[in-house]
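Peer 1:
Residue numbers (my numbering), protein chains in the order written: chain L, 14 to 334; chain W, 27 to 209.
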């Protein structure tokens, strides 16, 4: 029993470097900033939609009527400001939760007009985890300010490992729930045959064409390739229902992350449906030692500086002459 | 009884100070509890699959996309523009709403369902009337239609709907008030 508990503790509370969690904060922060900034005008305009179409979801369900459009706009601007501070890691203890709450609110509000898009759920869940975890103990203004007083770098600790594990867990659970919806749906396991997927993609292509959206030009050719949809159906089941296995060990986690990433790129090419967060690869970053990226850049800069100094040294100049 | 469960696990705070195992256990518990609740909340919507009237939500969803059973036909509501010669033109969903294609499509369906197709038609017609670029500048009538297509025919090149119902039709009078001409 003790052994089992120990294993569970070690599984959920592994040690990890502060920089790994910080890189996740930066990656998610960059994505959410791009998402909100790129959709700023659209989301502001959505706030002026007819109140008759208002169908609040999530935290916005506390409202019975839409907010005045000006308030919606102020909240979007506040989210952008908090997002920049989140990215920089400034006063994260206060700004992190505030940013996560604002992001949850504005995206819930954006989805409260008769349609829930499923491409933003994970980004918000990840921002919520990062917002309330010590994700700015490294690679942040907070860390820079602290190192002025105390040069000691934060050690690897479970406080960084647990949120990373949680991000991975939330990611795989979301995929698993998606898979269960297919199996529990009217088609059951026969969904994997690919026929349902082909019909879904066909319906999506028709509505895009008739409503003036941009569909995948490949689809007219692909429609008759039943084998392709059968392969995609089976792979989708493997990625979604097999997602929890990704938590078992590093290698499985990385293999799963790679397959899920490829699946979303396949969806873009065949269906022209863009899950931008997933396409960026950021949801899967928690499965990798992402702290190596800034360390690699730092090493590169040091090597370049070293070469520059060597090139300008008197000895080198003498050799040249 | 063997050593405490966490006795040999190296526990540090973010400041690097060591703490006793009991204190660390409490901290892990306090940190872990909201995390486990979040995981539970992410998993909980799975129950909607067995609910007779499932309800989707945000940020916790049961992700129903692509799980629907479809027949070999598809029914879709959309906007059609007719020019002076009766030629049909696609009118972008963006004339009907600002929330993206699928959200606007749902809003169109909802307005048709609620008998407000004429209101939608007038709104789209007045927006189209302001356009100066082709094909919109050639459009003289806007229609809100629902059509049924057979997938196999459509992707073989036959894009004629099996059935089509016009819910509302509005004539565009550029520089004048848009008039409804009925379904």
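No residue lacks a Cβ here, since even glycine has one placed at the ideal position from N, Cα and C.
I want to know whether the stretch 250 to 268 of chain L touches the stretch 178 to 193 of chain L - three or more CB-CB distances under 8 Å.
Peer 2: Touching, per the Cβ criterion.
Peer 1: In chain L, what lies closer than 7 Å to residue 85 of chain W by C-beta?
Peer 2: The answer, in chain order, is 71, 117, 134, 137, 138.
Peer 1: By DSSP, does residue 88 of chain W sit in helix, in strand, or in coil?
Peer 2: In the structure shown, residue 88 of chain W sits in coil (DSSP, three-state: anything other than H, G, I, E or B).
Peer 1: At 8 Å on the CB atoms, spell out the chain W contacts of residue 375 of chain L, in chain order.
Peer 2: Any property of residue 375 of chain L remains undetermined from this structure, which presents chain L solely from 14 to 334.
Peer 1: Using CA coordinates, which residue listed in L/156, L/66, L/105 is at the minimum distance from residue 130 of chain W?
Peer 2: Closest by alpha carbon: L/66.
Peer 1: Quick check on the burial criterion: 16 or more other C-beta atoms within 10 angstroms. Buried or exposed for residue 15 of chain L?
Peer 2: Exposed, by the Cβ-count rule.
Peer 1: If you draw a straight line from the alpha carbon of residue 298 of chain L to that of residue 111 of chain L, how long is it in whole angstroms?
Peer 2: Their backbone Cα atoms lie some 23 Å apart in a straight line.
Peer 1: Decide if residue 147 of chain W is buried, meaning its Cβ has at least 16 other Cβ atoms within 10 Å, or exposed.
Peer 2: With 16 or more other Cβ atoms within 10 Å, it is buried.
Peer 1: Along chain W, in chain order, which residues have C-beta atoms closer than 9 Å to that of residue 225 of chain L?
Peer 2: Here the neighbours are 104, 105, 116, 117, 118, 119, 120, 121, 127.
Peer 1: Judging by CA-CA distance, which residue of L/24, L/28, L/307 is the nearest neighbour of residue 170 of chain L?
Peer 2: Cα-wise, what sits closest to residue 170 of chain L is L/28.
Peer 1: From residue 73 of chain W to residue 91 of chain W, what distance separates their C-alpha atoms?
Peer 2: Rounded to whole angstroms, residue 73 of chain W to residue 91 of chain W spans 16 Å at the Cα level.
Peer 1: For the beta strand (DSSP E) containing residue 189 of chain W, name the first residue and the last one.
Peer 2: Here the beta strand (DSSP E) through residue 189 of chain W covers 189 to 197.
Peer 1: Can you name the residues that DSSP bridges to residue 63 of chain L?
Peer 2: Note: residue 63 of chain L sits in no beta bridge, so no partner.
Peer 1: Taking Cβ positions only, does residue 287 of chain L come closer than 8 Å to chain W?
Peer 2: No, its Cβ sits nowhere closer than 8 Å to a Cβ of chain W.
Peer 1: Can you say whether residue 217 of chain L is buried or exposed, counting buried as having 16 or more other CB atoms within 10 angstroms of its CB?
Peer 2: It counts as buried.
Peer 1: Near residue 245 of chain L, which residues of its chain fall below 7 Å by C-beta distance, leaving aside the five closest residues on each side in sequence?
Peer 2: Excluding sequence neighbours, residue 245 of chain L sits near 207, 210, 279.
Peer 1: Compare the C-beta of residue 156 of chain W against all C-beta atoms of chain L and say whether one is closer than 8 Å.
Peer 2: Output row for residue 156 of chain W: interface = no.
Peer 1: Closer than 7 Å, Cβ to any Cβ of chain L: which residues of the stretch 48 to 67 of chain W, in chain order?
Peer 2: Per Cβ criterion, the list reads 54, 57, 58, 61, 64, 65.
Peer 1: For a test of the three-state rule: what should DSSP assign to residue 114 of chain W, helix, strand or coil?
Peer 2: Looking at residue 114 of chain W - three-state DSSP - the assignment turns out to be strand.
Peer 1: Determine the closest residue to residue 124 of chain W out of L/125, L/204, L/99, with distance taken between C-alpha atoms.
Peer 2: Looking at the Cα atoms, L/125 is the closest of the given residues.
Peer 1: Show which residues of chain W have a CB atom less than 8 Å away from the CB atom of residue 210 of chain L.
Peer 2: What residue 210 of chain L touches in chain W: 92.
Peer 1: With a threshold of 7 Å on Cβ separation, who are the neighbours of residue 54 of chain L within its own chain once the five nearest residues in sequence on each side are excluded?
Peer 2: Correct list: empty, nothing qualifies.
Peer 1: So, for residue 96 of chain L: in the same chain, excluding its five sequence neighbours on each side, which residues have a beta-carbon less than 7 Å away from its beta-carbon?
Peer 2: The answer, listed in chain order, is 42, 45, 46, 49, 112.
Peer 1: So which residues of chain W does residue 129 of chain L contact, with C-beta pairs closer than 8 Å?
Peer 2: Those within 8 Å of residue 129 of chain L in chain W are 82, 83, 84, 87.
Peer 1: Quick one: does residue 192 of chain W have its CB under 8 Å from some CB of chain L?
Peer 2: Answer no: the Cβ-Cβ gap between residue 192 of chain W and chain L never drops below 8 Å.
Peer 1: Whole angstroms are fine: how far does the CA of residue 150 of chain L sit from the CA of residue 317 of chain L?
Peer 2: Approximately 28 Å between the Cα atoms of the pair.
Peer 1: Look at the alpha carbon of residue 177 of chain L and the alpha carbon of residue 87 of chain L, and state the distance between them as a whole number of angstroms.
Peer 2: Going by the C-alpha atoms only, they are around 32 Å apart.
Peer 1: Using the C-alpha atoms, what's the distance from residue 163 of chain W back to residue 157 of chain W?
Peer 2: Their Cα atoms are separated by approximately 6 Å.
Peer 1: On the criterion of 16 or more Cβ atoms from any shown chain inside 10 Å, does residue 177 of chain W qualify as buried, or is it exposed?
Peer 2: The residue is buried, with at least 16 neighbouring Cβ atoms inside 10 Å.
Peer 1: Counting only Cβ pairs nearer than 7 Å, list the residues of chain L close to residue 72 of chain W.
Peer 2: 190, 193, listed in chain order.
Peer 1: Would you report the Cα separation of residue 35 of chain L and residue 295 of chain L, rounded to the nearest angstrom?
Peer 2: Straight-line Cα distance between these residues: approximately 13 Å.
Peer 1: So residue 219 of chain L contacts chain W; which residues on that side make the cut at Cβ distance below 7 Å?
Peer 2: Within 7 Å Cβ-Cβ: 100, 102, 175, 180.
Peer 1: Taking the alpha-carbon of residue 62 of chain L as reference, which of L/81, L/101, L/157, L/98 has the nearest alpha-carbon?
Peer 2: If we check each option's Cα against that of residue 62 of chain L, L/81 comes out closest.
Peer 1: In whole angstroms, give me the CA-to-CA distance for residue 141 of chain W and residue 197 of chain W.
Peer 2: Residue 141 of chain W and residue 197 of chain W: Cα-Cα distance of roughly 19 Å.
Peer 1: Considering only residues of the same chain and omitting the five flanking positions on each side of residue 243 of chain L, which have a CB-CB separation below 7 Å?
Peer 2: Correct list, in chain order: 206, 207.
Peer 1: Apply the 10 Å Cβ neighbour rule to residue 195 of chain W and answer buried if 16 or more other Cβ atoms are within range, or exposed otherwise.
Peer 2: Buried.
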